[in-house]
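Written below as structure tokens is the structure these notes are about.
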Ligand SMILES: Cc1cc2nc3c(=O)[nH]c(=O)nc-3n(C[C@H](O)[C@H](O)[C@H](O)COP(=O)(O)OP(=O)(O)OC[C@H]3O[C@@H](n4cnc5c(N)ncnc54)[C@H](O)[C@@H]3O)c2cc1C
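Chains as they are written, first to last, in the numbering used here: chain P, 265 to 682; chain D, 4 to 260.
Pasting the structure below:
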């Protein structure tokens, strides 16, 4: 894939029109007011039929599972796929592009909305769909995939971030006669304050098993359960349109029907790797949106702003910034294209590959956004100008979904293992 | 029921327009195009009929060069069933009557129950094509329509008159309505719609295929230019009261009220 196809561009234009008409006028309320992002996200879903698409995908998957078929995707090359012209992708690639394009477009203005959407649908909905039993998928999965319900996915704790499993203190104690009692505190949880459905990740208490070796279990909780407290949104540097909060669990009683997979024998650590891999490629699309917009704004400003009787774009130091931004944009776009093409071939990127993609994109987005502020000078430091927000928002890409340092170690571990 | 929607692709609202080297039109290279805003309301009005009655076929028609495919695909993505693209150098950019002649030939071939057009185009601004088209195919028409209601044998429309008055007219089918902006809220193409649009047919035709000849413009454009900027401006100064009375004096002097 070397460029977006005509259909991709049509999707881009349609989503861009929506973002400019529906989201931009609400940006002030989303970023600096009390407006949660969910109703606008639902409107986006309804407008483009994304909820309907999620529903029919869900129904197909459930029907397949009920028929007892394996989940293996069909490998037959249908007629349509054979007709795919060179340099274009087929149906699977198009599906991946359709996920990436709205992320890119939303991030041009509001990376927070993508975070709220991605955590609810991708992480929380994704966890139910990949680890849940049929009954659990039907109970929680569909509502999360259509955004009818808002989801939160809680692994981080005050004492365990990068070392998510190692330092984890949240616990599940077996109840007599079945079921569990859950305890623990979670922090930095996206959608935490508003979530209807929460995935709580914790360790099984087992006599004699050292903390580091205990089984990791995922439970599904509903808002309002006894013993569960969802904090107010925390104040933070950027990403104001994505509410982030804490969760406190004290003796929350659950039955086995809330244990994802309804079995303690879950390959949870391996499953988490898969989740990380999807999350990390999404970050590249987010970075692309931020970089595209920062570059666009910077070029415009460099042409308009006159100092020393010349547009500042005529100064070589400003030109260098613009050129570096364009290099970053091309590189990230190529990474996104490559990801779409990988999906199209039915190949999943390795953890090291997706880590490299995330590391580069996050760093590039941060650098580009900082340079955009620099090109705007004092204006760039003022909230009235969009680069100020994008710069604060870009920083998070280097922190969540695995910090830069953690990506580095994933890549290096993979290199050294060979 | 069959609804034909005529749409034109025009320069994007945000496109920076320069005049071409011989000063007879705008420079069309490297600018973005979009569907004429009035026509999007006409298309939406047609799609609403289809929403209410799934048996409805919506056919979009456009005259223009290759780039027009994109506008037609967008319309197909929004829900139109098929498209006719008259790709004919003579007919494109012709005068209103010749454009109407070409559209009339398409209408004769399609025999739609309803024809919806925009009230005018963002670029040409003539508003002449819709009534001419109606005349050429001998059907009743209404212009400046804000609301339509399709009944069995007729179309009831609300027209916008000067001063905000509304006129209600009933037209027997087949008939034509030219739609005013703001008549409805235009939908976005859904993602599924866009992906399906590539499988929907676009029929490409020349004027000769449609059996019409002599479609080149009878009128020629001598010159296109931007009016020179007028440099005279009176700046009133003094206290607020002085400025207000000065302004009142000016208004009286010019007799503009
Ligand atoms: C806006 C936002 C939303 C979030 N949403 C969620 C959510 O929905 N759910 C959830 O569970 N979590 C969420 N998080 C938490 C996020 O995943 C963690 O912040 C992240 O994993 C880092 O953990 P930490 O903050 O504890 O930092 P730490 O792990 O304490 O890291 C501190 C510093 O030490 C470095 N470091 C740590 N270990 C190593 C090492 N081995 N080698 C080198 N350097 C190291 C780190 O890279 C970092 O620079 C969110 C965070 C933010 C900011």
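Heads up, the beta-carbon is just placed ideally off N, CA and C, and yes, glycines get one too.
Where does residue i land, buried or exposed, given buried means 16+ other C-beta within 10 angstroms?
{"i": "residue 88 of chain D", "result": "buried"}
{"i": "residue 233 of chain D", "result": "exposed"}
{"i": "residue 369 of chain P", "result": "buried"}
{"i": "residue 457 of chain P", "result": "buried"}
{"i": "residue 114 of chain D", "result": "exposed"}
{"i": "residue 421 of chain P", "result": "buried"}
{"i": "residue 376 of chain P", "result": "buried"}
{"i": "residue 235 of chain D", "result": "exposed"}
{"i": "residue 546 of chain P", "result": "buried"}
{"i": "residue 398 of chain P", "result": "exposed"}
{"i": "residue 609 of chain P", "result": "exposed"}
{"i": "residue 320 of chain P", "result": "exposed"}
{"i": "residue 625 of chain P", "result": "buried"}
{"i": "residue 171 of chain D", "result": "exposed"}
Per DSSP, what are the beta-bridge partners of residue i in this structure?
{"i": "residue 12 of chain D", "result": "D:38"}
{"i": "residue 417 of chain P", "result": "P:463"}
{"i": "residue 7 of chain D", "result": "D:62 and D:118"}
{"i": "residue 424 of chain P", "result": "P:421"}
{"i": "residue 509 of chain P", "result": "P:453"}
{"i": "residue 575 of chain P", "result": "P:570"}
{"i": "residue 435 of chain P", "result": "P:447 and P:467"}
{"i": "residue 178 of chain D", "result": "D:117"}
{"i": "residue 157 of chain D", "result": "D:175"}
So which of the options has the shortest CA-CA distance to residue i?
{"i": "residue 627 of chain P", "options": "P:383, P:667, P:413 and P:464", "result": "P:667"}
{"i": "residue 593 of chain P", "options": "P:497, P:322 and P:549", "result": "P:549"}
{"i": "residue 225 of chain D", "options": "D:191, D:25, D:236 and D:208", "result": "D:25"}
{"i": "residue 228 of chain D", "options": "D:167, D:191, D:21 and D:140", "result": "D:21"}
{"i": "residue 653 of chain P", "options": "P:278, P:629 and P:448", "result": "P:629"}
{"i": "residue 490 of chain P", "options": "P:372, P:445 and P:524", "result": "P:445"}
{"i": "residue 389 of chain P", "options": "P:524, P:472 and P:648", "result": "P:524"}
{"i": "residue 474 of chain P", "options": "P:408, P:432, P:646 and P:314", "result": "P:432"}
{"i": "residue 352 of chain P", "options": "P:366, P:408 and P:270", "result": "P:270"}
{"i": "residue 48 of chain D", "options": "D:205, D:250, D:231 and D:148", "result": "D:148"}
{"i": "residue 647 of chain P", "options": "P:585, P:296 and P:616", "result": "P:296"}
{"i": "residue 516 of chain P", "options": "P:325, P:286 and P:449", "result": "P:449"}
{"i": "residue 492 of chain P", "options": "P:459, P:452 and P:397", "result": "P:459"}
{"i": "residue 540 of chain P", "options": "P:451, P:383 and P:479", "result": "P:383"}
{"i": "residue 108 of chain D", "options": "D:208, D:201 and D:246", "result": "D:208"}
{"i": "residue 497 of chain P", "options": "P:300, P:276 and P:597", "result": "P:300"}
{"i": "residue 173 of chain D", "options": "D:201, D:143 and D:90", "result": "D:143"}
{"i": "residue 396 of chain P", "options": "P:285, P:619, P:325 and P:304", "result": "P:325"}
{"i": "residue 50 of chain D", "options": "D:7, D:245 and D:257", "result": "D:7"}
{"i": "residue 177 of chain D", "options": "D:167, D:169, D:28 and D:157", "result": "D:157"}
{"i": "residue 485 of chain P", "options": "P:424, P:423, P:440 and P:418", "result": "P:418"}
{"i": "residue 412 of chain P", "options": "P:309, P:553 and P:588", "result": "P:309"}
{"i": "residue 23 of chain D", "options": "D:31, D:72 and D:206", "result": "D:31"}
{"i": "residue 595 of chain P", "options": "P:621, P:612, P:605 and P:604", "result": "P:621"}
{"i": "residue 614 of chain P", "options": "P:470, P:588 and P:542", "result": "P:542"}
{"i": "residue 443 of chain P", "options": "P:665, P:521, P:605 and P:378", "result": "P:521"}
{"i": "residue 239 of chain D", "options": "D:126, D:252 and D:111", "result": "D:252"}
With DSSP as the reference, label residue i as helix, strand or coil.
{"i": "residue 458 of chain P", "result": "coil"}
{"i": "residue 184 of chain D", "result": "coil"}
{"i": "residue 393 of chain P", "result": "helix"}
{"i": "residue 481 of chain P", "result": "strand"}
{"i": "residue 447 of chain P", "result": "strand"}
{"i": "residue 558 of chain P", "result": "helix"}
{"i": "residue 487 of chain P", "result": "coil"}
{"i": "residue 358 of chain P", "result": "helix"}
{"i": "residue 27 of chain D", "result": "coil"}
{"i": "residue 324 of chain P", "result": "helix"}
{"i": "residue 231 of chain D", "result": "coil"}
{"i": "residue 208 of chain D", "result": "strand"}
{"i": "residue 625 of chain P", "result": "helix"}
- Item | Touch test, the segment 559 to 574 of chain P against the segment 508 to 527 of chain P, Cβ-Cβ under 8 Å, three pairs minimum | no
- Are there three or more Cβ pairs, one per stretch, closer than 8 Å when the segment 564 to 576 of chain P is compared with the segment 639 to 647 of chain P? yes
- Is the number of C-beta pairs between the segment 642 to 661 of chain P and the segment 492 to 502 of chain P that are closer than 8 Å three or more? Proximity of the segment 642 to 661 of chain P to the segment 492 to 502 of chain P meets the contact definition, three or more beta-carbon pairs being nearer than 8 Å.
- Item | Meets three-Cβ-pair contact criterion under 8 Å: the segment 290 to 305 of chain P and the segment 269 to 282 of chain P | no
- Task: Say whether the segment 153 to 163 of chain D touches the segment 177 to 195 of chain D, bearing in mind that this needs 3 or more beta-carbon pairs closer than 8 Å, one atom from each stretch.
- Result: yes
- Message: Using 8 Å as the cut-off, can you tell me whether the segment 190 to 198 of chain D makes contact with the segment 310 to 324 of chain P, which would need three or more C-beta pairs spanning the two stretches below that distance?
- Response: Touching, yes, given that three or more Cβ pairs across the two stretches are closer than 8 Å.
- Item | the segment 95 to 112 of chain D touching the segment 131 to 138 of chain D, judged by at least three CB pairs closer than 8 Å | In the pairwise beta carbon analysis, the segment 95 to 112 of chain D is classified as touching the segment 131 to 138 of chain D: at least three pairs are separated by under 8 Å.
- On the three-pair Cβ rule with 8 Å, is the segment 577 to 588 of chain P touching the segment 597 to 612 of chain P? Output reads no: the segment 597 to 612 of chain P does not touch the segment 577 to 588 of chain P.
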